[in-house]
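Throughout, my numbering is defined as the position within the sequence shown, counted from one, plus 3.
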Amino acid sequence: MLYTFIMWAVIGGILFFIILGRLFRPYRKNEEDRKQSFLYRSCGSVAAGSRRFLLPESFPRFFPNTTRLQVLILAIIIVYLTIFSFVGIVYKTWVTPVKNSDKFNTRTGLGGFSDRVGALAYALTPLTIGLCSRDSILSLLTGIPYQHFNFLHRWTGRIILIQSFIHTIGWTIIEAKLYQPQPKVYNTFIKQTYMIWGIVAQGFITFLFVFSLRPVIRWTGYEFFKKSHLIVAGLYFGACWGHWNKLACWMIASLGILGFELGMRILRLCLIHFGYKDGNKGLGFRPIKSKVEIFKDPSGTIVRLSFTHNHEPWKIGQHFYLTFPALSVWQSHPFTPASTPPTSLIPPTHTYIIRARNGETGKLGALAESATLDKDCHFETPVVMVGPYGTSTISQEATNILAIAGGTGVSFTLPAVTAALADASSPAQNIEMIWIIRHIDNLAWIGPEIVALKAQLDTSTSSSSEDLKGPATHTTHTAKRFRIRIFVTRAPETRTHVYSLPSTSHLTTPAEKDLEVSSASSATSNPTHSHEIQALITPHPNFTITCLDHARPSVDAMLASFMEETVERGRTQVLASGPSALGTDIRSAVGRRNGAARVWRGDERGNVELAWDDRMG
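Now the structure itself:
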């Protein structure tokens with residue numbers, strides 16, 4: 004017990020220093036000279052140096068899409084548990100005779116070691132549950148979005164599995180071999196109530212591991228994994244309590260965290276959906292009526308979901324869990340709104356860009372294709388929403404914002420760009436939006452939003468690049484520099500609609516200057532999309548479309564190009580979302596752009612932050 008409390012004292016101490024660091028973090032002085040405080044430059048140098056070495060990925064075969072920082076934290080946990088599983092135990096052997104028998108008992112340090120490992124497994128359980136909670140206390144204390152803890156949740160769970168097996172094997176050796184006479188001692192041992200509960204608990208933790216493996220999840224389905232994981236985890240806590248009630252404090256804490264999350268989820272659901280029903284004076288549960296529009300291309304089906312509902316606004320970067328009762332009331336998926344929360348007292352409007360994959364999103368796409376559409380090519384379906392979850396992603400100190408999105412990842416970057424442009428008090432003065440899509444007709448997914456952003460181009464580019472080389476001060480009178488770059492990675496397979504651009508267009512392509520819409524898109528989508536795309540691709544000096552022949556743009560080159568045009572001393576934030584391969588490239592590129600020595604000298608171009616989101620809808 005002593006070592007379990009020591010472990011939590013260490014965890015508490017780490018969290019305490021993180022909280023102090025957040026509360027007393029130094030900020031940049033609002034002045035034109037280069038000299039900043041020693042503490043500010045020290046913190047910035049440490050942050051930049053940490054990103055340079057810990058942001059990229061390592062060992063992708065064993066830890067795919069995982070930063071070195073996460074791997075390092077896991078290694079520290081393993082080393083700590085390994086050390087304190089062995090220290091303080093007397094490693095001796097005692098051979099004692101068995102009364103009224105010619106046999107001997109062999110007593111060793113194995114019993115103490117097995118107990119220590121089991122106790123640490125109990126103590127580690129509340130941390131594991133806290134690492135997977137949506138309403139995470141760890142996120143509240145550290146400011147880190149809860150989804151970034153999922154890697155540590157999986158691996159601490161596997162550590163508990165290994166610890167429980169070591170504990171079980173150790174005591175099996177003691178009771179079945181070292182204690183005599185056999186099999187009498189073992190038969191008496193295994194029939195005890197606490198041992199039966201131990202066997203049940205071992206079965207539950209093994210179930211949790213097996214059914215959390217990715218191949219098994221693909222075989223059984225994600226919703227079975229999620230629901231069974233929750234139920235079996237609760238049963239595991241109870242079985243552990245029955246196995247050794249002297250350590251019940253850790254199971255009570257785990258059940259408390261689990262119960263708190265479920266309670267908060269129900270409370271959020273009630274606050275959003277309970278009220279006066281439409282056309283009825285009574286109170287009750289109200290699902291949200293949403294409008295659905297579909298887009299087809301050779302890569303699959305995209306669903307644009309939009310609705311307006313009166314509730315508290317969310318923060319940029321947060322996400323909601325959506326359930327579609329027309330399909331199932333038991334399944335929910337996380338989606339990031341592609342719309343911005345209102346700044347005035349009006350009902351928020353939600354927009355979601357969802358790729359129809361397998362499972363529930365695939366069923367949603369099939370429902371959209373089979374539904375009867377209205378004159379605007381929309382149809383309505385009820386939605387149940389819970390949230391928001393996560394944390395705000397926009398830095399309050401970044402002078403330069405680079406938003407990179409792949410496909411439906413634009414749901415994450417679009418609101419951040421829109422909010423930074425609309426907020427006159429925002430320090431962001433240099434903003435660039437990059438969207439990587441497969442086909443040019445994918446522009447129609449966010450057609451109205453692109454039109455609005457192109458209107459911002461006319462009013463946000465009055466400052467020349469020379470003007471942007473001045474000091475990074477938080478002024479509001481300087482016009483913001485804004486640019487949009489679109490990369491189309493695949494050429495259409497068939498040519499049914501060809502858009503010829505004027506010679507002044509900033510479209511570049513290796514072969515030709517024509518944009519084509521595939522027949523798959525034209526045949527099944529809204530017929531007005533073709534006209535919308537023609538309007539969207541009208542040329543503008545700061546709006547470019549680059550067609551690539553089945554190739555991906557270089558993330559490092561995009562970041563380098565942006566950094567060369569940023570404010571001389573301004574801090575940069577990269578906001579990105581998309582496929583996992585894009586995340587790997589961005590983490591490496593951002594890591595290389597950070598430099599501790601550069602920040603120490605007062606050049607904040609070496610301080611580049613990254614906010615990555617892999618929920619793409």
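In this text, a Cβ means the ideal position worked out from N, Cα and C, and glycines have one as well.
Per DSSP, the continuous beta strand (DSSP E) segment holding Glu-383 begins and ends at 382-392. Secondary structure at Lys-318: coil, using DSSP grouped into helix, strand and coil.
As DSSP reads the structure, Ala-406 sits in a beta bridge with Met-436 and Leu-578. Rounded to whole angstroms, the Cβ separation of Ser-215 and His-232 is 7 Å, and the two are in contact under 8 Å. Under the three-state reduction of DSSP output, Asn-108 falls in the strand class.
CA-CA distance, Ile-79 to Leu-113, rounds to 25 Å. Between Trp-158 and Leu-250, the C-beta spacing is not below 8 Å. Pro-218 and Gln-150 have their alpha carbons spaced roughly 21 Å apart. The beta carbons of Gly-586 and Asp-606 sit about 27 Å from each other, so the pair does not count as a contact at 8 Å. Ranked by Cα distance from Thr-343, the first of Leu-58, Pro-337 and Glu-315 is Glu-315. The continuous stretches of beta strand (DSSP E) do not include Gly-362, and DSSP gives it neither H nor E.
Taking a cut-off of 8 Å for Cβ pairs, the segment 333-340 and the segment 286-299 do not touch, as fewer than three such pairs fall below it. Counting other Cβ atoms within 10 Å of its Cβ, Pro-148 reaches 16 or more and is therefore classed as buried. In the DSSP assignment, Thr-99 falls within the unbroken beta strand (DSSP E) covering 97-100. The beta-bridge partner set that DSSP reports for Trp-158 is empty.
DSSP, reduced to helix, strand and coil, places Val-295 within a strand of the structure shown. Rounded to the nearest angstrom, the gap between the Cα atoms of Leu-130 and Pro-385 is 37 Å. In the structure shown, Tyr-149 adopts helical secondary structure according to DSSP, grouped into three states. In the three-state reduction of the DSSP assignment, Gly-47 falls in the helix class, which pools H, G and I. Closest option to Val-611, judged by alpha-carbon separation, among Ser-591, Ala-560 and Val-577: Val-577. In the three-state reduction of the DSSP assignment, Pro-337 falls in the strand class, which pools E and B.
Gly-262 and Asn-433 do not touch by the CB rule: their CB atoms are close to 47 Å apart, not below 8 Å. Nearest Cα to Gly-201 within the set Leu-181, Glu-178 and His-170: His-170. In the structure shown, the three-state DSSP call for Glu-612 is strand.
The shortest C-alpha to C-alpha distance from Ile-193 to any of Phe-207, Gly-146, Phe-212 and His-246 is the one to His-246.
In this structure, Phe-310 sits near His-353, with a CB-CB distance shorter than 8 Å. Exposed is the label assigned to Asp-105, since fewer than 16 other Cβ atoms lie within 10 Å of its Cβ.
If you draw a straight line from the Cα of Arg-137 to the Cα of Tyr-392, it is about 7 Å long.
When the alpha-carbon of Ala-447 is set against those of Thr-364, Arg-28 and Ile-489, the nearest one is in Ile-489. Taking every protein chain shown into account, the CB of Val-98 has fewer than 16 other CB atoms within 10 angstroms, so this residue is exposed.
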